[in-house]
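A short worksheet on the structure shown next.
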Amino acid sequence: EQKEWRQRVNAPSISKDGQRFEISANIGNPNDVAAAVQQGADGVGLFRSEFLYMGSDHMPTEDEQYQSYRQALIGMQGKPVVVRTLDIGGDKPLPYLPLPREMNPFLGYRAIRISLKHPAIFKAQLRALIRASAHGPLSIMFPMIGTIAELRAAKKIFNECKRELQKDQPGLGNSIKLGMMIEVPLAAINAEQFAKEVDFFSIGTNDLIQYNFAADRGNDEVAYLYQPLNPAFLGLLKHVIDAGHRHDTKVAMCGEMAGDSIALPLLMGMGLDEYSMSSSSILRTRTLMSKLDTNECARLADEAINQCVTAGEVRALVKERLGEIN
Ligand code: PEP
Ligand code: MG
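The opening position of the sequence shown corresponds to residue 14 in my numbering, with each subsequent residue numbered one higher.
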């Protein structure tokens with residue numbers, strides 16, 4: 014099995030009927046790029062930039078960050094890299110940035126909410142990214158966006174940074190694609206409006222599930238409510254993907270669900286464009302993808318969303334079909 018997977022290191026991510034997708038890597042720092050390349054990633058779909066901050070004893074400077082983003086882009090050898098701006102707060106503290114104690118950290122002060130309140134920190138990161146974009150195809154995405162106002166505020170600061178840097182280097186950063194995570198329920202519901210304002214979506218299922226089921230993603234007592242295959246949740250994903258595609262907005266997924274073999278045929282059937290996962294899952298996923306027909310997957314997704322009522326029913330349905338393939 015491992016051997017069959019290895020043969021696909023340089024192969025395209027393609028379905029049985031020839032439809033192209035992208036299978037990319039989630040990384041936490043530029044050193045992870047080696048494993049992504051070794052496992053044949055089509056790109057980096059999620060660079061969790063907060064690990065640069067968490068691994069430092071001081072707020073990383075613009076120059077320090079520039080070096081890290083540049084290293085990741087160069088390491089990927091021309092393949093696209095998506096960097097997510099700082100996503101701290103919630104369960105991820107920063108020792109040198111004191112944040113208030115909160116009753117409900119996951120519903121509190123985190124991610125883009127912090128960046129928008131600290132423009133100097135946010136600008137240092139965006140300037141580092143814009144400078145690094147000279148070294149390869151870079152995309153930037155914003156975490157935990159819930160309202161159009163937040164998205165526009167983030168884009169405004171990005172454009173300010175770009176204008177400042179372009180005084181010395183005309184055109185710098187013009188090729189950067191801007192996107193947002195879909196992980197707040199309202200962003201998913203309102204995907205149609207958001208799609209008009211970004212180049213791509215990346216669905217963060219870890220948080221999107223946590224918030225939709227109102228169940229802490231780290232609490233074992235409520236782990237039974239972590240249900241990526243729940244038919245109503247699948248319907249919400251389909252809504253996001255369809256809304257994106259109506260506006261030529263690419264739709265990716267970078268939560269754990271993107272690397273789940275049971276979810277794969279459903280997501281392919283809904284037309285999800287990019288699957289970003291830990292590097293160790295890439296070749297397994299690419300191999301399974303090559304055995305799946307997108308038209309059949311579309312029928313399967315339709316049946317799961319419209320005829321199943323529980324996650325268990327969806328799981329049984331998909332397992333039965335996958336059994337016929339392997
Ligand atoms: C997610 O929420 O699915 C996601 C990818 O972000 P993180 O796991 O870093 O919160
Ligand atoms: Mg998240």
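Cβ atoms here follow ideal geometry from the backbone N, Cα and C, with glycine treated the same way.
Legend entry - Cutoff 8 angstroms; reference N23; Cβ partners in own chain excluding five residues on either side: Excluding sequence positions up to five before and after N23, its CB lies within less than 8 angstroms of the CB of G53, all in the same chain and listed in chain order.
Inset, instruction - Taking only heavy atoms of ligand 1 into account, decide whether any of them is closer than 7 angstroms to the Cβ of L238. - result: At a threshold of 7 angstroms, L238 does not count as near ligand 1, since its beta carbon sits no closer than that to any of the ligand's heavy atoms.
Inset, instruction - Compute the minimum distance between the beta carbon of P156 and the heavy atoms of ligand 2, and state whether it is under 7 angstroms. - result: For ligand 2, at least one heavy atom lies less than 7 angstroms from the Cβ of P156.
Legend entry - DSSP state of Y288 mapped onto helix, strand, coil: In the structure shown, Y288 adopts extended strand secondary structure according to DSSP, grouped into three states.
Legend entry - Contacting residues, own chain, Cβ-Cβ under 7 angstroms from G217 (five flanking each side not counted): Closer than 7 angstroms at Cβ, skipping near neighbours: M194, I195, E196, C267, G268.
Legend entry - heavy atom of ligand 2 below 7 angstroms from G41 C-beta: For ligand 2, not one heavy atom lies less than 7 angstroms from the Cβ of G41.
Inset, instruction - Could you check what DSSP says for V46 in three-state terms: helix, strand or coil? - result: Collapsing the DSSP output to three states places V46 in a helix.
Legend entry - Close-in-space but distant-in-sequence residues of the same chain around G103 (CB under 6 angstroms, 5 per side omitted): Excluding sequence neighbours, G103 sits near P118, F119, R123.
Legend entry - N232 beta carbon near ligand 2 (any heavy atom closer than 7 angstroms): No, the Cβ of N232 stays beyond 7 angstroms of every heavy atom of ligand 2.
Legend entry - Inter-residue Cα distance where the pair is S128 and L99: Cα to Cα, S128 sits roughly 7 angstroms from L99.
Inset, instruction - Pull up the distance between the alpha-carbon of P106 and that of G31, whole angstroms please. - result: If you take the alpha carbons of P106 and G31, they lie about 44 angstroms apart.
Legend entry - 8 angstroms Cβ cutoff met for V235 and A204: Not closer than 8 angstroms, so no.
Inset, instruction - Could you tell me if E340 is buried or exposed, where buried requires 16 or more neighbouring beta carbons within 10 angstroms of its beta carbon? - result: Outside the modelled stretch of the chain, which goes from 14 to 339, sits residue 340, for which no answer is possible.
Legend entry - C-beta neighbour in chain B for F226, strict 8 angstroms: Among the protein chains of the structure shown there is no chain B, as only one such chain exists.
Inset, instruction - Could you tell me whether any non-hydrogen atom of ligand 2 is closer than 7 angstroms to the CB of D104? - result: No; taking the cut-off as 7 angstroms, the Cβ of D104 has no heavy atom of ligand 2 nearer than that.
Inset, instruction - Using a threshold of 8 angstroms, state whether the C-beta atoms of N39 and L65 are closer than that. - result: Cβ distance not < 8 angstroms, so N39 and L65 don't count as in contact.
Inset, instruction - Would you mind stating whether S289 and S69 have Cβ atoms separated by less than 8 angstroms? - result: In this structure, S289 keeps its C-beta atom at 8 angstroms or more from the C-beta atom of S69.
Inset, instruction - Would you mind sorting S146 into buried or exposed? The rule is 16 or more other CB atoms within 10 Å of its CB. - result: Result: buried.
Legend entry - Start and end residues, beta strand (DSSP E) containing M154: Per DSSP, M154 belongs to the beta strand (DSSP E) from 151-155.
Inset, instruction - Sort Y109, A49, A227, V96 by Cα distance to H71 and report the nearest one. - result: Closest in alpha carbon position to H71, among Y109, A49, A227, V96, is Y109.
Legend entry - Enclosing beta strand (DSSP E) for I216 [first to last residue]: First-last of the beta strand (DSSP E) with I216: 213-216.
Inset, instruction - Taking 8 angstroms as the cut-off, decide whether the C-beta atoms of I278 and L313 are in contact. - result: Checking the sequence, you will find Pro at residue 278 rather than Ile. Yes, Cβ-Cβ distance for P278 and L313 is below 8 angstroms.
Inset, instruction - Kindly list the residues whose CB is nearer than 6 angstroms to the CB of F155, restricted to its own chain and excluding five residues on each side of it in sequence; keep chain order. - result: Excluding residues within five positions, the ones whose Cβ falls inside 6 angstroms are T98, I125, A167, M193.
Legend entry - Assigned secondary structure, G192 (DSSP; H/G/I helix, E/B strand, else coil): Of the three classes helix, strand and coil, the one that applies to G192 here is strand, per DSSP.
Legend entry - Inter-stretch contact (C-beta, 8 angstroms, three-pair minimum) for the region 248-265 and the region 326-333: As far as the Cβ criterion goes, the region 248-265 does not touch the region 326-333, which means the pair count is below three.
Inset, instruction - May I have the straight-line CA-CA distance separating E14 from K29, to the nearest angstrom? - result: Cα to Cα, the separation comes out at about 18 angstroms.
Legend entry - T307 versus S81: straight-line alpha-carbon distance, rounded: So the alpha carbons of these two residues sit roughly 38 angstroms apart.
Inset, instruction - List the DSSP bridge partners of E35. - result: The partner list for E35 (beta bridge, DSSP) reads E287.
Legend entry - I338 burial status per 10 Å Cβ neighbour count (16 or more: buried): By the neighbour-count criterion, in which 16 or more other beta carbons inside 10 Å mark a residue as buried, I338 falls on the exposed side.
Inset, instruction - Could you round the C-beta distance between R230 and Q223 to whole angstroms and report it? I think they count as a contact, below 8 angstroms. - result: Between R230 and Q223 the beta-carbon gap is near 4 angstroms, inside 8 angstroms, which marks them as a contact.
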